[in-house]
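Undergrad: Numbering (the numbering used here), first residue to last: 393 to 627. Idealized CB from N, CA, C, for every residue including glycine.
1. Using the three-state DSSP reduction, which class does residue 596 fall into: helix, strand or coil?
2. Can the beta-carbon of residue 484 be found closer than 8 Å to that of residue 452?
3. Give every residue of the same chain whose Cβ lies closer than 7 Å to the Cβ of residue 647, excluding the five residues on either side of it in the sequence, and list them in chain order.
4. Of the choices 434, 508, 531 and 428, whose alpha-carbon is the least far from that of residue 493?
5. Indicate whether residue 502 and residue 588 have their beta-carbon atoms separated by less than 8 Å.
6. Is residue 533 buried or exposed, if buried means 16 or more other CB atoms sit within 10 Å of its CB?
7. So if DSSP puts residue 373 in a beta bridge, which residue, or which two residues, is it bridged to?
8. Let me confirm a value: residue 464 is counted as buried when at least 16 other C-beta atoms fall within 10 Å, else exposed. Which label applies?
9. Name the DSSP beta bridge partners of residue 434, please?
10. Ordered along the chain, which non-local residues of its own chain (more than five positions away) have a Cβ less than 6 Å from that of residue 567?
11. I'd like the list of long-range same chain contacts for residue 425, defined as Cβ closer than 7 Å, with 5 residues on each side in sequence excluded.
12. Could you check what DSSP says for residue 585 in three-state terms: helix, strand or coil?
13. Classify residue 507 as helix, strand or coil using the three-state DSSP reduction.
14. Tell me which residue opens and which closes the alpha helix (DSSP H) that residue 532 is part of.
15. What are the boundary residues of the alpha helix (DSSP H) that includes residue 420?
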């Protein structure tokens, strides 16, 4: 069996996964996200790649998503089919499919518009953009949004879906914070790569989010409509 296959099987072994490091990453994505990416640059010096060494972060994150899906289904779709549907949608669509789409989109944006034109940099194997690193960046960026929108929002729904301006403001601001923080963490993830330029362009969605948020305060309750889309009924 080739070395690459042996390494692949090793990555799938739970006993080989560094869950302590995954917990550390998750905690610091809230309080000190740049520490997470500084550790990645140090890791690059040791293993010669930016992507994570194992799937511990993804496994731990997936378990959290399943638990949150069970809670959402308990409140809004309390049937066997409801549990399966909610878990499937949140895990394989929200996390899996959307993650692949976002990672691929940023991969091509970075390759097409953000790569430095220096011939030495472009030809060096040490400065090649890795798709799996793009997926890691998405996972890092999505985790705080997950906590805000899949965990905290669930318990705030009785308040933020009421028909008054304070509830409208609180609920829509929760989504604004989640989207802006996702963009900010994504920017940090690509900013550390020495072969990319003009990474501040990745912050451009943030002003758009503020405009959409301001317009939504005219009467569009985002949390209420999200629950409608997911479960086919108002909260």
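TA: So, to answer that:
1. coil
2. no
3. In the structure as shown, the chain starts at 393 and stops at 627, and residue 647 therefore has no counterpart that could be examined.
4. When 434, 508, 531 and 428 are compared, the shortest CA-CA separation from residue 493 is found for 531.
5. yes
6. Counting of Cβ neighbours within 10 angstroms places residue 533 among the buried residues, the total reaching 16 or more.
7. With the chain represented from 393 up to 627, any question about residue 373 goes unanswered, as that position is not in the structure.
8. buried
9. None, per the DSSP bridge assignment.
10. 614
11. Once the five neighbours on either side are set aside, the close Cβ partners of residue 425 are 577 and 580.
12. coil
13. strand
14. Looking at the DSSP string, the run of the alpha helix (DSSP H) that includes residue 532 is 523 to 538.
15. 411 to 423
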